[in-house]
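What follows is a set of notes on a single structure, which appears directly below.
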Amino acid sequence: MHRNESPHQETLRTVKFRQIILRILIADDHPIFRQGLLKVIEGVADIEVVAETGDGETALHLIRRHQPNVALLDISMPGKSGLEIAKEIQVQELPTTVIILTMFKEEEYFNEALDLGVKGYVLKDNAVSDILECLKTVSQGKYYVSPLISQYLIHRTQRQRDFYVQIPALQTLTPMERRVLKLIAENRTSKEIAAALFISFRTVQNHRNNICNKLSLKGPHKLLQFALENKALL
1 MHRNESPHQE
11 TLRTVKFRQI
21 ILRILIADDH
31 PIFRQGLLKV
41 IEGVADIEVV
51 AETGDGETAL
61 HLIRRHQPNV
71 ALLDISMPGK
81 SGLEIAKEIQ
91 VQELPTTVII
101 LTMFKEEEYF
111 NEALDLGVKG
121 YVLKDNAVSD
131 ILECLKTVSQ
141 GKYYVSPLIS
151 QYLIHRTQRQ
161 RDFYVQIPAL
171 QTLTPMERRV
181 LKLIAENRTS
191 KEIAAALFIS
201 FRTVQNHRNN
211 ICNKLSLKGP
221 HKLLQFALEN
231 KALL
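All the letters of the sequence shown, read from the start, carry residue numbers 1 to 234 under the numbering used here.
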(Lines of atoms letter the chains of each structure in order from A and count residues from 1; the text may use other names and numbers.)
(Lines give C-alpha, C1' and ligand atoms only; values in the text may rest on other atoms or scores of the structure.)
Protein backbone atom coordinates (compact mmCIF):
# COMPACT_ATOMS: atom_id res chain seq x y z
CA MET A 1 0.00 0.00 0.00
CA HIS A 2 1.27 3.48 -0.79
CA ARG A 3 1.72 5.84 2.17
CA ASN A 4 -0.97 8.21 1.01
CA GLU A 5 -3.56 5.45 0.34
CA SER A 6 -6.13 4.47 2.94
CA PRO A 7 -7.08 0.80 3.50
CA HIS A 8 -10.42 1.57 1.86
CA GLN A 9 -8.71 2.82 -1.29
CA GLU A 10 -6.55 -0.29 -1.50
CA THR A 11 -9.66 -2.50 -1.23
CA LEU A 12 -11.35 -0.62 -4.04
CA ARG A 13 -8.29 -1.12 -6.23
CA THR A 14 -8.34 -4.85 -5.51
CA VAL A 15 -12.06 -5.20 -6.26
CA LYS A 16 -11.61 -3.31 -9.51
CA PHE A 17 -8.86 -5.73 -10.53
CA ARG A 18 -11.09 -8.71 -9.80
CA GLN A 19 -13.91 -7.33 -11.91
CA ILE A 20 -12.12 -8.01 -15.20
CA ILE A 21 -14.75 -9.13 -17.71
CA LEU A 22 -12.75 -9.68 -20.89
CA ARG A 23 -9.36 -11.34 -21.32
CA ILE A 24 -7.85 -10.37 -24.68
CA LEU A 25 -5.06 -11.64 -26.92
CA ILE A 26 -3.68 -9.40 -29.68
CA ALA A 27 -1.83 -10.86 -32.68
CA ASP A 28 -0.54 -8.51 -35.37
CA ASP A 29 2.85 -8.40 -37.04
CA HIS A 30 3.03 -4.59 -37.08
CA PRO A 31 4.42 -3.53 -33.65
CA ILE A 32 3.35 0.11 -33.89
CA PHE A 33 -0.24 -0.85 -34.78
CA ARG A 34 -0.26 -3.45 -31.99
CA GLN A 35 0.98 -0.91 -29.45
CA GLY A 36 -1.72 1.52 -30.56
CA LEU A 37 -4.42 -1.07 -29.82
CA LEU A 38 -2.78 -1.92 -26.50
CA LYS A 39 -2.84 1.71 -25.42
CA VAL A 40 -6.58 1.98 -26.17
CA ILE A 41 -7.57 -1.36 -24.62
CA GLU A 42 -5.42 -1.17 -21.48
CA GLY A 43 -7.15 2.06 -20.53
CA VAL A 44 -10.40 0.16 -19.91
CA ALA A 45 -10.84 -1.14 -16.37
CA ASP A 46 -12.67 -4.39 -17.13
CA ILE A 47 -10.40 -5.57 -19.97
CA GLU A 48 -7.07 -7.35 -19.55
CA VAL A 49 -4.61 -8.08 -22.37
CA VAL A 50 -3.20 -11.48 -21.41
CA ALA A 51 -0.79 -11.84 -24.35
CA GLU A 52 0.38 -10.24 -27.57
CA THR A 53 2.44 -11.47 -30.51
CA GLY A 54 3.28 -10.79 -34.14
CA ASP A 55 3.31 -14.42 -35.26
CA GLY A 56 0.36 -16.67 -36.11
CA GLU A 57 1.84 -19.92 -34.79
CA THR A 58 2.70 -18.24 -31.49
CA ALA A 59 -0.78 -16.72 -31.36
CA LEU A 60 -2.43 -20.15 -31.60
CA HIS A 61 -0.11 -21.51 -28.89
CA LEU A 62 -0.98 -18.58 -26.61
CA ILE A 63 -4.70 -19.01 -27.26
CA ARG A 64 -4.48 -22.66 -26.23
CA ARG A 65 -2.48 -21.70 -23.17
CA HIS A 66 -4.42 -18.69 -21.90
CA GLN A 67 -7.86 -19.37 -23.45
CA PRO A 68 -8.75 -15.66 -23.69
CA ASN A 69 -12.34 -14.57 -24.16
CA VAL A 70 -11.43 -12.73 -27.35
CA ALA A 71 -8.55 -12.91 -29.83
CA LEU A 72 -7.81 -9.92 -32.06
CA LEU A 73 -6.12 -11.46 -35.10
CA ASP A 74 -4.49 -9.84 -38.10
CA ILE A 75 -5.81 -11.55 -41.23
CA SER A 76 -2.26 -11.79 -42.63
CA MET A 77 0.65 -12.81 -40.38
CA PRO A 78 3.80 -14.95 -40.53
CA GLY A 79 3.26 -18.56 -39.47
CA LYS A 80 -0.54 -18.69 -39.65
CA SER A 81 -3.09 -16.21 -40.93
CA GLY A 82 -5.91 -14.96 -38.75
CA LEU A 83 -8.37 -17.06 -40.73
CA GLU A 84 -6.26 -20.20 -40.29
CA ILE A 85 -6.22 -19.59 -36.54
CA ALA A 86 -9.99 -19.01 -36.56
CA LYS A 87 -10.42 -22.38 -38.25
CA GLU A 88 -8.25 -24.09 -35.62
CA ILE A 89 -10.28 -22.45 -32.85
CA GLN A 90 -13.48 -23.72 -34.47
CA VAL A 91 -12.18 -27.27 -35.02
CA GLN A 92 -10.68 -27.54 -31.54
CA GLU A 93 -13.75 -25.89 -29.98
CA LEU A 94 -11.66 -23.43 -27.99
CA PRO A 95 -13.66 -20.92 -25.89
CA THR A 96 -12.30 -17.87 -27.70
CA THR A 97 -14.24 -15.43 -29.86
CA VAL A 98 -12.34 -14.10 -32.87
CA ILE A 99 -12.15 -10.56 -34.18
CA ILE A 100 -10.32 -10.18 -37.50
CA LEU A 101 -8.20 -7.08 -38.13
CA THR A 102 -7.65 -6.40 -41.81
CA MET A 103 -6.83 -4.00 -44.61
CA PHE A 104 -8.90 -6.10 -47.03
CA LYS A 105 -12.29 -4.64 -47.97
CA GLU A 106 -13.20 -7.44 -50.40
CA GLU A 107 -16.49 -9.16 -49.56
CA GLU A 108 -15.13 -12.70 -50.14
CA TYR A 109 -12.69 -12.31 -47.23
CA PHE A 110 -15.54 -11.12 -45.02
CA ASN A 111 -17.73 -14.10 -45.92
CA GLU A 112 -14.88 -16.55 -45.39
CA ALA A 113 -14.30 -15.07 -41.94
CA LEU A 114 -17.95 -15.42 -40.91
CA ASP A 115 -18.01 -18.99 -42.25
CA LEU A 116 -15.23 -19.72 -39.76
CA GLY A 117 -17.22 -18.37 -36.82
CA VAL A 118 -15.60 -14.93 -36.66
CA LYS A 119 -17.76 -12.45 -34.73
CA GLY A 120 -15.94 -9.20 -35.46
CA TYR A 121 -14.47 -7.84 -38.69
CA VAL A 122 -12.60 -4.58 -38.24
CA LEU A 123 -10.81 -2.54 -40.89
CA LYS A 124 -7.38 -1.45 -39.68
CA ASP A 125 -7.99 2.10 -40.91
CA ASN A 126 -10.67 2.43 -38.23
CA ALA A 127 -9.45 -0.09 -35.66
CA VAL A 128 -8.41 2.37 -32.94
CA SER A 129 -11.79 4.12 -33.02
CA ASP A 130 -13.87 0.96 -33.55
CA ILE A 131 -12.18 -1.59 -31.32
CA LEU A 132 -13.83 -0.85 -27.97
CA GLU A 133 -17.33 -0.88 -29.47
CA CYS A 134 -16.40 -4.09 -31.28
CA LEU A 135 -15.21 -5.76 -28.07
CA LYS A 136 -18.39 -4.71 -26.25
CA THR A 137 -20.59 -6.03 -29.06
CA VAL A 138 -18.93 -9.43 -29.58
CA SER A 139 -18.74 -10.00 -25.81
CA GLN A 140 -22.56 -9.95 -25.91
CA GLY A 141 -22.57 -12.67 -28.57
CA LYS A 142 -23.41 -10.25 -31.39
CA TYR A 143 -21.63 -9.47 -34.66
CA TYR A 144 -19.63 -6.32 -35.24
CA VAL A 145 -18.50 -5.08 -38.65
CA SER A 146 -16.68 -1.83 -39.36
CA PRO A 147 -19.33 0.69 -40.51
CA LEU A 148 -17.60 1.18 -43.89
CA ILE A 149 -18.39 -2.42 -44.87
CA SER A 150 -21.56 -3.01 -42.84
CA GLN A 151 -23.48 -3.60 -46.07
CA TYR A 152 -21.65 -6.94 -46.40
CA LEU A 153 -23.53 -8.25 -43.36
CA ILE A 154 -26.80 -7.04 -44.88
CA HIS A 155 -25.96 -8.79 -48.16
CA ARG A 156 -25.16 -12.00 -46.33
CA THR A 157 -28.39 -11.90 -44.31
CA GLN A 158 -30.45 -11.30 -47.46
CA ARG A 159 -28.79 -14.21 -49.26
CA GLN A 160 -29.59 -16.47 -46.32
CA ARG A 161 -33.24 -15.38 -46.37
CA ASP A 162 -33.48 -15.94 -50.13
CA PHE A 163 -31.89 -19.36 -49.75
CA TYR A 164 -34.46 -20.48 -47.17
CA VAL A 165 -37.26 -19.19 -49.41
CA GLN A 166 -35.87 -21.18 -52.34
CA ILE A 167 -35.60 -24.34 -50.23
CA PRO A 168 -38.59 -24.20 -47.86
CA ALA A 169 -37.88 -27.73 -46.62
CA LEU A 170 -35.03 -26.25 -44.57
CA GLN A 171 -37.67 -24.74 -42.30
CA THR A 172 -38.82 -28.25 -41.37
CA LEU A 173 -35.45 -29.19 -39.86
CA THR A 174 -35.36 -29.44 -36.08
CA PRO A 175 -32.81 -27.34 -34.15
CA MET A 176 -30.65 -30.44 -33.64
CA GLU A 177 -30.84 -31.34 -37.33
CA ARG A 178 -29.70 -27.82 -38.21
CA ARG A 179 -26.73 -28.15 -35.85
CA VAL A 180 -25.82 -31.47 -37.43
CA LEU A 181 -26.12 -29.96 -40.91
CA LYS A 182 -23.82 -27.07 -40.00
CA LEU A 183 -21.22 -29.48 -38.64
CA ILE A 184 -21.47 -31.55 -41.82
CA ALA A 185 -20.77 -28.30 -43.70
CA GLU A 186 -17.54 -28.08 -41.69
CA ASN A 187 -16.66 -31.49 -43.15
CA ARG A 188 -16.96 -33.22 -39.77
CA THR A 189 -17.41 -36.99 -39.68
CA SER A 190 -20.36 -38.56 -37.89
CA LYS A 191 -18.01 -39.63 -35.11
CA GLU A 192 -16.75 -36.07 -34.69
CA ILE A 193 -20.30 -34.68 -34.75
CA ALA A 194 -21.37 -37.16 -32.09
CA ALA A 195 -18.51 -36.05 -29.84
CA ALA A 196 -19.21 -32.35 -30.44
CA LEU A 197 -22.93 -32.66 -29.65
CA PHE A 198 -22.60 -35.30 -26.90
CA ILE A 199 -24.87 -37.74 -28.70
CA SER A 200 -24.33 -41.26 -30.01
CA PHE A 201 -23.01 -42.14 -33.45
CA ARG A 202 -26.32 -43.86 -34.23
CA THR A 203 -28.26 -40.72 -33.30
CA VAL A 204 -26.12 -38.69 -35.71
CA GLN A 205 -26.82 -41.22 -38.46
CA ASN A 206 -30.55 -40.94 -37.75
CA HIS A 207 -30.35 -37.15 -38.02
CA ARG A 208 -28.45 -37.42 -41.29
CA ASN A 209 -31.12 -39.73 -42.70
CA ASN A 210 -33.91 -37.39 -41.56
CA ILE A 211 -32.18 -34.39 -43.17
CA CYS A 212 -31.77 -36.29 -46.44
CA ASN A 213 -35.43 -37.28 -46.45
CA LYS A 214 -36.65 -33.76 -45.70
CA LEU A 215 -34.40 -32.17 -48.33
CA SER A 216 -34.94 -34.95 -50.89
CA LEU A 217 -31.21 -35.69 -51.07
CA LYS A 218 -30.50 -39.14 -52.49
CA GLY A 219 -27.11 -40.79 -52.89
CA PRO A 220 -24.19 -41.51 -50.53
CA HIS A 221 -22.51 -38.10 -50.84
CA LYS A 222 -25.41 -35.77 -51.68
CA LEU A 223 -25.82 -34.48 -48.12
CA LEU A 224 -22.13 -33.62 -47.78
CA GLN A 225 -22.13 -32.00 -51.22
CA PHE A 226 -25.21 -29.91 -50.36
CA ALA A 227 -23.74 -28.83 -47.02
CA LEU A 228 -20.35 -27.85 -48.44
CA GLU A 229 -21.82 -25.94 -51.39
CA ASN A 230 -24.16 -23.96 -49.15
CA LYS A 231 -21.99 -23.62 -46.04
CA ALA A 232 -22.17 -19.82 -46.02
CA LEU A 233 -25.98 -19.87 -46.09
CA LEU A 234 -26.83 -22.53 -43.50
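No residue lacks a Cβ here, since even glycine has one placed at the ideal position from N, Cα and C.
Quiz prompt | For Gly36, the three-state DSSP class (helix, strand or coil) | solution = helix
Quiz item: When the distance is taken between beta carbons, is Leu224 closer than 8 Å to Arg159?
Solution: no
Exercise. For the alpha helix (DSSP H) containing Val122, list its first residue and its last residue.
Key: Where Val122 is concerned, there is no enclosing alpha helix (DSSP H), although the beta strand (DSSP E) it sits in stretches over Gly120 to Leu123.
Practice problem: Could you check which residue in Gly82, Arg65 and Met176 has the C-alpha nearest to that of Arg23? | Solution: Arg65
Self-check item: Distance between Glu57 and Pro220 (C-alpha atoms, nearest Å)
Solution: 37 Å
Quiz item: In whole angstroms, what is the alpha-carbon distance linking Leu101 and Glu177?
Solution: 33 Å
Practice problem: List the whole-angstrom C-beta distance separating Ala113 from Ala71, where the pair is believed to meet the contact cut-off of C-beta under 8 Å. | Solution: With 8 Å as the limit, Ala113 and Ala71 do not qualify as a contact, their Cβ atoms being about 13 Å apart.
Quiz item: Can you tell which of Ala195, Pro175 and Ser81 has its C-alpha closest to the C-alpha of Asn239?
Solution: Any question about residue 239 goes unanswered here, given that the chain covers just 1 to 234.
Quiz item: What are the boundary residues of the alpha helix (DSSP H) that Ile131 is part of?
Solution: Ala127 to Ser139
Quiz prompt | Range covered by the alpha helix (DSSP H) that runs through Val180 | solution = Pro175 to Ala185
Practice problem: Write down every uninterrupted run of the alpha helix (DSSP H) in the region 19–102 whose length is 4 residues or greater and which is fully enclosed by it, in chain order. | Solution: 31–41, 56–66 and 82–92
Practice problem: Would you give the residue range spanned by the alpha helix (DSSP H) that Glu192 belongs to? | Solution: Ser190 to Leu197
Quiz item: Does DSSP put Tyr109 in a helix, a strand or coil?
Solution: helix
Quiz item: Which whole-angstrom value is the C-beta distance of Ile167 and Val180, which I expect to be below 8 Å?
Solution: In fact, because the Cβ distance is near 17 Å, the residues do not count as touching under 8 Å.
Practice problem: Identify which residue in His61, Asp125, Arg208 and Phe110 has its Cα closest to the Cα of Tyr143. | Solution: Phe110
Self-check item: Where Tyr143 sits in the DSSP three-state scheme
Solution: coil
Quiz item: Rounded to a whole number of angstroms, what is the C-alpha to C-alpha distance between Val40 and Leu60?
Solution: 23 Å
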